[in-house]
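Protein sequences appear in the order of chains A and B. Per the working numbering, residue 9 is the first one in the first sequence, and the count goes up by one each step. Per the working numbering, residue 176 is the first one in the second sequence, and the count goes up by one each step.
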Amino acid sequence: MKQFLIFVKKEWLHIWRDRRTLFILLFMPVIQIVLYGFALTNEVKNSKVAIFDQSKDEATTVISNEIAASRYFNLVKNVYSYKDIEATFRKGEIRMAIVFPAGFRYDLLHSNHAQIQLIADASDPNTANTLTNYASSIINDYQQTLHPTEDLPYTIKTQVRMLYNPELKGAYNFVPGVMALVLMLVCAMMTSIAIVKEKEMGTMEVILVSPLRPFRIIIAKTIPYLLVSMLNITSILLLSVYALDVPIVGNLWLLIAESILFTITSLSVGILISNSAKTQQTAMFTSMMSLFLPTLLFAGFMFPIENMPIPLQIISNIVPAKWYFIIVKDVMIKGLGFTAVWKETLILISMTAALLGISIYKFKIRLA
Amino acid sequence: MALNGISFAVEKGEIFGIIGPDGAGKTSLFRILTTLLLADSGSASVDGFNVVKDYKQIRNHVGYMPGRFSLYQDLSVQENLEFFATIFNTSIQENYDLVKEIYQQIEPFKTRKAGQLSGGMKQKLALCCALIHKPSVLFLDEPTTGVDAVSRKEFWEMLFRLKAQGITILVSTPYMDEASLCDRVALIQKGSLLSINTPTSIIREFKKPLWSVRADEMFKLMNELKNDPLIESCYPFGQVHHVVFKTQANSKEKLEHLTKQGNYNHVEVKPIEPGIEDCFMALMKE
Chain A
9 MKQFLIFVKK
19 EWLHIWRDRR
29 TLFILLFMPV
39 IQIVLYGFAL
49 TNEVKNSKVA
59 IFDQSKDEAT
69 TVISNEIAAS
79 RYFNLVKNVY
89 SYKDIEATFR
99 KGEIRMAIVF
109 PAGFRYDLLH
119 SNHAQIQLIA
129 DASDPNTANT
139 LTNYASSIIN
149 DYQQTLHPTE
159 DLPYTIKTQV
169 RMLYNPELKG
179 AYNFVPGVMA
189 LVLMLVCAMM
199 TSIAIVKEKE
209 MGTMEVILVS
219 PLRPFRIIIA
229 KTIPYLLVSM
239 LNITSILLLS
249 VYALDVPIVG
259 NLWLLIAESI
269 LFTITSLSVG
279 ILISNSAKTQ
289 QTAMFTSMMS
299 LFLPTLLFAG
309 FMFPIENMPI
319 PLQIISNIVP
329 AKWYFIIVKD
339 VMIKGLGFTA
349 VWKETLILIS
359 MTAALLGISI
369 YKFKIRLA
Chain B
176 MALNGISFAV
186 EKGEIFGIIG
196 PDGAGKTSLF
206 RILTTLLLAD
216 SGSASVDGFN
226 VVKDYKQIRN
236 HVGYMPGRFS
246 LYQDLSVQEN
256 LEFFATIFNT
266 SIQENYDLVK
276 EIYQQIEPFK
286 TRKAGQLSGG
296 MKQKLALCCA
306 LIHKPSVLFL
316 DEPTTGVDAV
326 SRKEFWEMLF
336 RLKAQGITIL
346 VSTPYMDEAS
356 LCDRVALIQK
366 GSLLSINTPT
376 SIIREFKKPL
386 WSVRADEMFK
396 LMNELKNDPL
406 IESCYPFGQV
416 HHVVFKTQAN
426 SKEKLEHLTK
436 QGNYNHVEVK
446 PIEPGIEDCF
456 MALMKE
């Protein structure tokens, strides 16, 4: 036991004395969360629109104001001809244009039938779709206010409720994903250099000719990094709540426990990489390259896994981040308890055990 | 480096030197004996344990100091020693006697990081770390390479003290002058053993006449000597050339004749006793 503790202490001194690296390890996640949290988003917000109002009556003014007040739209321009609209689109100044025909209110009140034209830039089809939907719902709201009491016979009204995320904030989906991505990358990178560093410095040669056994070396190497990772988990959760406005609905301790579990999984991935890498650079590069893309693709927060071809869906199962992403969404966003995530937890535990097992088994007890 | 047909036995409590130039295979040999490398064929045992089968026991009992400085550079002198004591399930206090005389020399710097020590001090610390668990066999791979002459002398004095404590020491070195300090030496060249014996016996086996020659045009002299049919070999040795004759006869006359013929000035010719280096040169030729 003393043998084990002194190894942990030694590892801790390595981390503690290399202040620059420690600083990077603690601040990289903060920067990544902020960067990815704000930049990696497909949410439609403040889209620029132009209005071509040929009627200029009470109704068009109200609708225009509603559109301008919405947080989805940003009214940048009034245009005065169709030609103008096209020119503005071409310049890329707007994503959508709204056209009110002449005599809009008159038509609405007298012939019960008025038209509004929505012209959207469909070079990005998803955004165009979302924008026209938002605009239509604003227009419908206005229509409702015109006949608040009148019940039309035989109408079906759909009532939509957006569960867990009523405001449809993209952050609710992205924050758990970014948490998974950042923890995976940072933790794996930390340990990936741990063993290979001893090989490079020549110290491996000495500690091999000692009573130390691979099991203890590997476990002792992960523990100090686990402490650093716990600080990272704390900063990531604080940032999620206070900077990205994603509240923790479920049990905080369950969330922390699951995060620690995922951290250990990631650290084990790093150890495995470190075992087979020859130099610190290779180790670092391998952990960045081989983890970033699969995590981004298969965690499920960028691209829905259900829409992928079957082989890719199967591959996604071996990406630990996928399971952590599910857990965080369930616990943090939906507020579910352990009973809802025990299966995913078990998968992460088995993955960790397997990774550590392989690392210990493959640990080179000799130099070549 | 491929080792070939190496076989030797080291007595308990002796200082056994592996002497050979860079690239002779000394480090590979040490790594095989310390269980760090597997030999393609053959077997070896250390302290009664087989290097392949019982590698764990060997790792518990031997002390190994690699040729390259292999301690933690970012840990202090004391932290390094404490670390190595603890991983061998012992403490500095327990075996302090063993390392005392060496450790006292670096103790004033015990809070200094190992990476900031001078070459000699690094070697002393490394020796302390390899010794702290009272190993039965100590493997020192080129411990004095890159160390100044005074530190080298001190280092060997330490080895004698350790030997007095009953520790078997295997030491490799490229320096011939250190060979005579060992109880027995093995001369190694290109992966093969040339000879194993006590330094005095190795020298005694050198029977051919050996001369030291000095003149003003050393390079020209060397070429002429090398081309003479009576001379077996000629090699530079510091300020002089060492000349080995094939037979006893007329060697002095031959040398005098040669130097006179070539119009050399400041000629100095004298017979000398062979040193270990001369033996090594001769063995290398065979």
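Positions of the beta carbon are idealized from the N, C-alpha and C atoms, including for glycine.
Contact with chain A is found for residue 211(B), since one of that chain's Cβ atoms lies less than 8 Å from the residue's Cβ. Bridge partners of residue 443(B) according to DSSP: 389(B).
If you draw a straight line from the Cα of residue 365(B) to the Cα of residue 305(B), it comes to about 28 Å. Taking a Cβ-Cβ cut-off of 9 Å, the neighbours of residue 25(A) in chain B comprise 249, 250, 288, given in sequence order. The Cβ atoms of residue 135(A) and residue 103(A) lie closer than 8 Å to each other.
Annotation: the region 310-352 of chain B contains the following complete segments of the beta strand (DSSP E) (minimum length 3 residues), in chain order: 312-316, 343-348.
Distance from the CA atom of residue 342(B) to the CA atom of residue 271(B), rounded to whole angstroms, is 15 Å.
With a threshold of 8 Å between beta carbons, residue 241(B) makes contact with chain A.
For residue 264(B), the neighbours in chain A by C-beta distance under 7 Å run, in chain order, 11, 219. Residue 220(B) is bridged by DSSP to 225(B). In chain order, 216, 217, 218, 219 make up the part of chain A whose C-beta sits under 8 Å from the C-beta of residue 234(B). Under the Cβ distance rule, residue 254(B) counts among the residues neighbouring chain A, one pair being separated by less than 8 Å. Taking C-beta separations shorter than 6 Å and ignoring five residues to either side along the sequence, the partners of residue 396(B) in its chain run 390, following chain order.
A straight-line Cα-Cα distance of about 20 Å links residue 174(A) and residue 75(A). When Cβ-Cβ separations below 8 Å define contact, residue 261(B) makes contact with chain A.
Within the same chain, 276 come within 7 Å of residue 336(B) by CB-CB distance, once the 5 residues on both sides are set aside.
Nearest C-alpha to residue 420(B) among 393(B), 435(B), 443(B), 457(B): 457(B).
Shown here, residue 61(A) sits in a strand according to DSSP, grouped into three states. Residue 353(B) places its beta carbon less than 8 Å from that of residue 319(B). Where residue 231(A) is concerned, there is no enclosing beta strand (DSSP E), although the alpha helix (DSSP H) around it starts and stops at 222-250. In terms of Cβ geometry, residue 369(B) and residue 417(B) do not form a close pair [threshold 8 Å]. Those residues of the region 333-349 of chain B placed with their C-beta closer than 8 Å to a C-beta in chain A do not exist. For residue 15(A), the residues of chain B that pass the 9 Å Cβ criterion are 258, 261, 262, in the order they occur in the chain. Counted as a single uninterrupted DSSP element, the alpha helix (DSSP H) harbouring residue 67(A) occupies residues 66-77.
Check the Cα spacing between residue 232(A) and each of 210(A), 211(A), 272(A): the tightest is with 272(A).
Per DSSP, reduced to three states, the secondary structure at residue 448(B) is coil, with no helix or strand assignment.
DSSP places residue 175(A) in the coil class of the three-state scheme, outside both helix and strand. Under the Cβ distance rule, residue 376(A) counts among the residues neighbouring chain B, one pair being separated by less than 8 Å. In the DSSP assignment, residue 432(B) falls within the unbroken alpha helix (DSSP H) covering 426-436. Think of a sphere of 7 Å around the beta carbon of residue 213(A): the chain B residues whose beta carbon falls inside it are 211, 241, 245, in chain order.
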